[in-house]
């Protein structure tokens, strides 16, 4: 291959369409890695704490991308200021997406496999704060331990934000509960945050794509930072 042909091949490989396409592909993968674990917890039947761990894992993926980008970008580049805006917006939107999607996945799990039932409060734990003999401060959240009309326990307990309000032992309440015991029951329809999920995910995808293109030295308007060698 001659010199001219090699130059044409390099220009084709570094064409704007190819750069933006590759950046979009990488950003999509980053978004899936970030929000995927947050969605996965309630869906696979993981315990509540494990589901939160999945959400945190997704957020850490976004933060890891930020750290990697900061290390890779030459901080003396003229375009570092341009890069900082989409990079910061993208990472923050990714983290927010993970948090909102985890909540939406929790609601979706209740909608798809939850069952409405009349339950009875067999134990009421009021909001309480006390100090142990060792001087440690302990705060107990307000919760209601429920059983079905057949006497089957409903797990986990009903919390105050989900309907454990104005109730006491012996009170009856209609709740939507997860038979697998993964998602906390609630006394109202589970909220869905479709608009927030789409908005945050779209913002993260666009901002991360722009940041990746800028890191490759092809940001709109020129002056993008160069990568460290």
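In the numbering used here, the protein residues as written are 7 to 235. Every residue, glycine too, gets a C-beta built ideally from N, C-alpha and C. None of these values were measured; they are calculated from a predicted model.
Considering only residues of the same chain and omitting the five flanking positions on each side of residue i, which have a CB-CB separation below 7 angstroms?
i	result
residue 124	155, 178 and 180
residue 113	196, 197 and 198
residue 34	211
Could you check the C-alpha separation between residue i and residue j for me, to the nearest Å?
i	j	result
residue 132	residue 145	10 angstroms
residue 169	residue 127	12 angstroms
residue 212	residue 151	45 angstroms
residue 210	residue 31	13 angstroms
residue 117	residue 91	38 angstroms
residue 158	residue 26	56 angstroms
residue 130	residue 38	40 angstroms
residue 183	residue 135	28 angstroms
residue 22	residue 221	13 angstroms
residue 216	residue 93	8 angstroms
Cutting at 6 angstroms between CB atoms, please list the residues of its own chain near residue i, excluding the five before and the five after it.
i	result
residue 193	169, 179 and 181
residue 103	41, 206, 207 and 210
Sort out for me which residues DSSP pairs residue i with in a bridge.
i	result
residue 183	121
residue 131	149
residue 126	153 and 178
Closest by CA to residue i, which one among the options?
i	options	result
residue 45	189, 211 and 215	189
residue 171	138, 161 and 147	147
residue 110	219, 220 and 204	204
On the criterion of 16 or more Cβ atoms from any shown chain inside 10 Å, does residue i qualify as buried, or is it exposed?
i	result
residue 200	exposed
residue 141	exposed
residue 176	exposed
residue 100	buried
residue 191	buried
residue 96	buried
residue 24	exposed
residue 174	exposed
Among the residues of its own chain, which have a CB less than 8 angstroms from the CB of residue i, if the five just before and after it don't count?
i	result
residue 166	133, 147, 148 and 149
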